[in-house]
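With the numbering used here applied, the sequence shown corresponds to residues 443 to 1476, in that order.
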Amino acid sequence: MYSVLSLLTFIPLLSSANLHLSRFSSTCSLLSPQITMSSANIMVHGASCLTSSVNLSITIGNKKGHSMVESTGHLQQGSHLAVDDVLERHKTSMKTLVERIKTEDNQNLLNRISSQLYIIEGQREGVNEEHEVLQMEKITRRHKERNEDKKLKVQNLRIILTIGIAGIGKTVSVQKFILDWAEGKANQDVDFMFALPFRELNLIKDDQYSLHGLLCAFHPELKHLDPEFYDQIKALFIFDGLDESRIPLDFEQCEKVSDITTASSVGVLMTNLIKGELLPSALIWITSRPAAANQIPPKYINRVTEIQGFSDPQKEEYFRKRISDEDQAKRIISHIKTVRSLHIMCHIPVFCWISATVLQQIMKRRHTEVPKTLSEMYSHFLLTQTNKKNEKYEEKDQRDSKNLLESNRTILLKLAKLAFKQLMKGNVMFYEEDLRESSIDVTEASVYSGIFSEIFREECVLYQRKVYCFVHLSFQEFLAAVYVIHCYEINKKEILWIFKPQNRKWSENVPLDEVLEGAVDKAVGSKNGQLDLFLRFLLGISLETNQRLLPGLLTPPQSSSERVREYIKSLIKEDYYHISSETSMNLLFCLSEMNDQSLSRELQEFLNSERDSVKKLSAGQCSALANMLLTSRKVLDKLDLRKYKSSEDGYRRLIPALTVCRKALLSGCNLTKNSCEALSSALQAANSSLNVLDLSNNDLQNSGVELLSAGLKSSCNQLKILRLALCKLGKRACENLASVLQSADSSLKELDLSNNDVQDSGVELLSDGLKGSHCKLEILRLSGCMVTDKGCSSLASALKSNPSLLRELDLTYNHPGESGVKLLSKLLEDPHCTLEKLQMDHGGKIRMNPGLRKYAVDLTLDRNTVNSNLYLSERNRKVNCLDKKQSYADHPDRFDRCAQVLSAESLTGRCYWEVQWSGWDADISVSYRGIRRKGLGAVCVFGNNNQSWSLNCYNNRYSVSHNKQKTVLPAPSSPSNKVGVYLDWGSGTLSFYTISPDTHTLSHLHTLTTTFTEPLYAGFRVYAGSPVQLCVME
């Protein structure tokens, strides 16, 4: 039977076999890990995409097999006694802990948590920018890879960091691991195991110790161990709760300590231990909440693992196990599911307990409204626990909330003050000096922890000193919010003015709305989203309806929250504020706490809209929309992001929502390689429904495809069709895509690389991918890819050498030559080849021109359509608007009132032309021949009818119009008076590009998508002083 660190050791070993998920129990009722073992064959159970067995040879660190105590003759007799003492100490203390948990009647949460937790491998670097509650949203979306049967070589891992949100089971996992070791059940090749919780180390942070002296302080029996032997034994240091640390760790300018007997501060000892200067052979396991993990530079961490909370099925399992009344359990589960914020929080085992405690009580009362927000839930929890205290210590059940809270008001407000002050400092553990700051002495604290045992906790630690904490960080945040509202009631300015923005003036009696706005600003700017949940509680409790839940503790103020709600909406809707995706989501939850669903309804209406939107979505709105899609629990048949006009940052925030749709259209959304990492993550998401992904007409480049390929090779990726036409790809992209085709986990059946200049060298690499035994590709489109007979030869070789599945090959708009056509055409007659459809028309030497110029057409303007105020010149390629009418012959095709003109040549297939103008503005259009020519009405103007599509250019600002629907486009980064127009008549796309005057680089402006039913003609609407010209392209 192996315990947690065994798993931590296994995880990196399994990573090369693509296993990222193992399961273990963190509870008293299910203390043994859920791992079935048969000698070296380990079956790992969990929610990964697929489970299978993995053969391992196991080593922890760099010593294998048996204990140093057994294998070396160098340890003295005293050292043997020290080892025995350490083992006995752990054994006795941990057994005592477990027995205490089992026998205490509802005094500890651990015996209420009977579902399993997960450890997941993952890498997290840098500062976490979100509150951990928002991180829970991503838990079910994080990819889980499949493992395969492989013989694996052990890696040496010295330092492992395990992260998990507050209350998820990190400390219990540590305790269980130590107990298994002490009882001889696991990891017996470890000679010494030292548990050094940060909550206890904080007590001696200013003292001087040698490492040996520090260990003796925690384990007095170690004084019998000769310090020289630390280098000869396998020792494991467990630092639990980095997020509780108040010890400075300076990895840049820390003094070097390499001698175990040299005295220094605790911070210096820890830093040198982690850096490997001190006891470089020691193994280290650190646990932390995600927000604090960045205190240790990533380069010192060999592996990051994550303990996750309850999955959705485990949430239901918890309530069913805890609540004996089956009907009541079913109603509670149903309610939790309908309120998203509550359902998310139930990833935390402690919150499941809080919810069950509250909802069981409420459902016994007929006239009490069931809580639908976090503020309501925690208010009821406070009432429930206060009433339990009365029942236990005053032997009376006080149902009158006002009397109940009034009689306990002093205690509760002191605890609320402590909660607020320590939250502002980022502290979750409190010491005597912290209590005194909130006017609580140690005796009082002991009383509070005794009578409010399920709200406030006291723990006796090193040197019999005491530390304190609330039952969970979220409850500390709730009480902190209660304290702020109380301070507003009594006008306690030193607290309220903490939230005063620097650039604003406040009156002596500042309105509550201004305080709340200041709190919003402070939370939005807080590090790691530290104040996000506090803000949700504060805004929720500010409502009069919620304050009425706490009579006797708070007095409902006479204030409207409308101003605050509108301010929050403006933060989400305006790009000016540059708020992060996580902040947008939290602000949306804040609106829900305030019972305001208007923004959600607005986004839902926008989502349901069928026509192209003329409204630009801010990045914040995109975050909110993505969250709505992800939480709707519905799978969309199609998500067309082209409907949503936004910045690249906005589109990037919508990418996670691709996992809940079968078909995603992102063509022409101005994405760059910067979006590809998010796309790759979406492809790797567990339970993704995405089958079709269109990324055409985006500036992804080779580096973007390299990022995408990691997702395409994921075992969780279900993508069948990928379109990457016109994405500025080359040879290197083909190399990455070839590796995808060769991957056993790739599901790709159709790949479109049209209009990328991959050339013969790229096709040769793709052909290698087609030869792979795992290749499932059935359709390959290489239209307009500058392929010659050489590339055709590579493709023919691939299709003949391996009975591939390829049924359709598109090589139109290339230059295969006669030999290339013959070579591939023969394969259609080969009974051993699966090729059924071969397209090779529209070829020729012109197709070897780079970019869109391979589709260049030579256009002239039709003198029979030109308005009489327009003057044609330069072989009918230039047009100018004059005051004087020209003497053109009457013609039914002439625009008689509108200053417009059409081309003489019709446009079908793929066509590209360039237009230049001088002056302020120009309208560059395409139109059916049937557009009306007579009169000044909208039916004649390009873009104002169903016959034409138009780009309006005015002083480096652009908009597109069709059938009176106008869409304003984002301004290009640099000004240009030259535009490229690309028409793909068959696919129904019309694209506009600005052209750099210096580099001739094309920058995508917009793509219109429709179904063209007849040939088109280029057209211009010309303004006085702004001549327009068709460019001649060589």
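All residues carry an ideal CB built from backbone N, CA and C; glycine is no exception.
DSSP state of VAL913 mapped onto helix, strand, coil = One-based indexing of the sequence shown puts residue 913 at position 471. The answer is coil: DSSP assigns VAL913 none of H, G, I, E or B.
Just mark VAL957 as buried or exposed, buried being the case when its beta carbon has 16 or more other beta carbons within 10 Å.
-> Locating residue 957 in the sequence shown gives position 515, counting from the first residue. By the 10 Å Cβ count, VAL957 comes out buried.
Of the listed residues GLU931, LEU904, VAL962, nearest to ASN951 (C-alpha basis) | Here residue 951 corresponds to residue number 509 of the sequence shown, with the count starting at 1. When each option's Cα is compared against that of ASN951, the closest is GLU931.
Near CYS1275, which residues of its chain fall below 6 angstroms by C-beta distance, leaving aside the five closest residues on each side in sequence?
-> Stepping through the sequence shown from its first residue, residue 1275 is reached at position 833. Taken in chain order, the residues that qualify are LEU1241, LEU1269.
Continuous beta strand (DSSP E) assignments of at least 3 residues falling wholly in the stretch 1176-1262 | 1192-1194, 1221-1223, 1250-1252
Quick one: grab the DSSP three-state call for THR810.
-> Within the sequence shown, residue 810 is the residue found at index 368, counting from 1. Of the three classes helix, strand and coil, the one that applies to THR810 here is coil, per DSSP.
At a Cβ threshold of 8 angstroms, is VAL889 touching chain D?
-> The chain labelled as chain D is not found in the depicted structure, where only one protein chain is given.
Taking the alpha-carbon positions, what's the GLU959 to MET1228 distance?
-> Looking up residue 959 in the sequence shown gives position 517. Looking up residue 1228 in the sequence shown gives position 786. Taking the straight line joining both Cα atoms gives about 59 angstroms.
Leaving out five residues before and five after ASN1386 in sequence, what residues of the same chain have Cβ atoms less than 6 angstroms from its Cβ?
-> Within the sequence shown, numbered from 1, the residue matching residue 1386 stands at position 944. ALA1380, LYS1406.
Helix, strand or coil for ALA1106 per DSSP?
-> By one-based count along the sequence shown, residue 1106 stands at place 664. Here ALA1106 sits in strand by DSSP.
Evaluate contact between the stretch 1094-1105 and the stretch 808-821, counting only Cβ atoms and requiring at least three cross-stretch pairs below 8 angstroms.
-> no
When DSSP labels each residue in this structure, what does ARG990 get in the three-state scheme?
-> Residue 990 sits at position 548 when you count from the first residue of the sequence shown. Of the three classes helix, strand and coil, the one that applies to ARG990 here is coil, per DSSP.
Buried versus exposed, by CB contacts within 10 Å (16 or more), VAL1474 = Here residue 1474 corresponds to residue number 1032 of the sequence shown, with the count starting at 1. Exposed, because fewer than 16 other Cβ atoms sit within 10 Å of the Cβ of VAL1474.
Does the beta-carbon of CYS902 have 16 or more other beta-carbons within 10 angstroms, so that it is buried, or is it exposed?
-> Taking the first residue of the sequence shown as position 1, residue 902 is located at position 460. By the neighbour-count rule (16 or more Cβ atoms within 10 Å), CYS902 is not buried but exposed.
Going by DSSP, what residues sit across from LYS969 in a beta bridge?
-> Within the sequence shown, numbered from 1, the residue matching residue 969 stands at position 527. Answer by DSSP bridge pairing: none, since LYS969 is not bridged.
Three-way DSSP call (helix, strand, coil) for HIS777 in this model | Within the sequence shown, numbered from 1, the residue matching residue 777 stands at position 335. Three-state DSSP puts HIS777 in a helix.
Just reading off the beta strand (DSSP E) that SER1345 is part of, what are its end residues?
-> On the sequence shown, position 903 is the one that residue 1345 refers to. Here the beta strand (DSSP E) through SER1345 covers 1342-1349.
When burial is assigned at 16 or more other CB atoms within 10 Å of the CB, is PRO732 buried or exposed?
-> For the purposes of this step, residue 732 is taken as the residue at position 290 of the sequence shown. Under this definition PRO732 is a buried residue.
State yes or no: is the C-beta of LEU603 within less than 8 angstroms of the C-beta of ILE749?
-> Position 161 of the sequence shown holds residue 603. Position 307 of the sequence shown holds residue 749. Taking 8 angstroms as the Cβ cut-off, LEU603 and ILE749 do not qualify as a contacting pair.
What's the gap between the Cα of ASN629 and the Cα of GLU663?
-> Taking the first residue of the sequence shown as position 1, residue 629 is located at position 187. Taking the first residue of the sequence shown as position 1, residue 663 is located at position 221. About 21 angstroms.
On the three-state DSSP scale, how would you describe PHE1337?
-> Indexing the sequence shown from 1 puts residue 1337 at position 895. Reduced to three states, the DSSP call for PHE1337 is coil.
Pick from LEU1277, GLU1250, ARG1289, SER1246 that is closest to VAL1200, judged by C-alpha positions | Residue numbering aside, residue 1200 sits at position 758 when the sequence shown is read from its first letter. It is ARG1289 whose Cα lies nearest to the Cα of VAL1200.
Neighbourhood of GLU1476 by C-beta distance below 6 angstroms, restricted to the same chain and skipping five residues each side = Position 1034 of the sequence shown holds residue 1476. Nothing meets the Cβ criterion.
Nearest-angstrom Cα distance between ILE1437 and ARG1104?
-> The residue labelled residue 1437 in the question sits at position 995 within the sequence shown. The residue labelled residue 1104 in the question sits at position 662 within the sequence shown. Cα-Cα distance, rounded: 35 angstroms.
Nearest-angstrom Cα distance between GLN1471 and ASN1419?
-> The residue labelled residue 1471 in the question sits at position 1029 within the sequence shown. The residue labelled residue 1419 in the question sits at position 977 within the sequence shown. Distance between the alpha carbons of GLN1471 and ASN1419 is about 11 angstroms.
Output the distance between the C-alpha atoms of ALA1460 and ASP1426, rounded to the nearest integer angstrom.
-> Taking the sequence shown and counting its residues from 1, the one referred to as residue 1460 is at position 1018. Taking the sequence shown and counting its residues from 1, the one referred to as residue 1426 is at position 984. Cα-Cα distance, rounded: 13 angstroms.
Residue of ALA1298, LEU1113, LYS859, SER849 minimising C-alpha distance to GLU1090 = In the sequence shown, residue 1090 corresponds to position 648, counting from 1. That would be LEU1113, whose Cα lies nearest to the Cα of GLU1090.
In three-state terms, what does DSSP make of HIS1404?
-> Within the sequence shown, the letter at position 962 stands for residue 1404. Three-state DSSP puts HIS1404 in a strand.
Inspect the beta-carbon positions of TYR1255 and ARG1375 and report whether they are closer than 8 angstroms.
-> By one-based count along the sequence shown, residue 1255 stands at place 813. By one-based count along the sequence shown, residue 1375 stands at place 933. No, the pair does not count as a contact, with Cβ atoms beyond the cut-off.
Taking contact to mean at least 3 C-beta pairs separated by less than 8 angstroms, is the stretch 718-737 in contact with the stretch 671-691?
-> yes
Check whether the Cβ atoms of ILE882 and VAL746 sit closer than 8 angstroms, and answer yes or no.
-> On the sequence shown, residue 882 is found 440 positions in, with the first residue counted as 1. On the sequence shown, residue 746 is found 304 positions in, with the first residue counted as 1. Not in contact: ILE882 and VAL746 (Cβ atoms no closer than 8 angstroms).
ASN1394, enclosing beta strand (DSSP E) - first and last residue = In the sequence shown, residue 1394 corresponds to position 952, counting from 1. ASN1394 -> beta strand (DSSP E) spans 1390-1396.
Excluding sequence positions up to five away, which residues of its chain have a Cβ less than 8 angstroms from the Cβ of TYR925?
-> Against the sequence shown, residue 925 aligns to sequence position 483. Once the five neighbours on either side are set aside, the close Cβ partners of TYR925 are LEU855, ALA858, LYS859, ALA861, PHE862, ILE937.
Going by Cα to Cα distance, which pick from LEU1301, ASN1116, SER1138, LYS1087 is closest to ALA1106?
-> For the purposes of this step, residue 1106 is taken as the residue at position 664 of the sequence shown. Considering only alpha carbons, the answer is SER1138.
Taking GLU758 as the reference, which of MET635, ALA798, LYS908 has the closest Cα?
-> Indexing the sequence shown from 1 puts residue 758 at position 316. For the residues MET635, ALA798, LYS908, the minimum Cα distance to GLU758 belongs to ALA798.
Based on Cα-Cα distance, which residue from LEU1432, ILE1373, HIS1446, ASP1365 lies nearest to SER1468?
-> Position 1026 of the sequence shown, counting from 1, holds the residue named residue 1468. For the residues LEU1432, ILE1373, HIS1446, ASP1365, the minimum Cα distance to SER1468 belongs to ASP1365.
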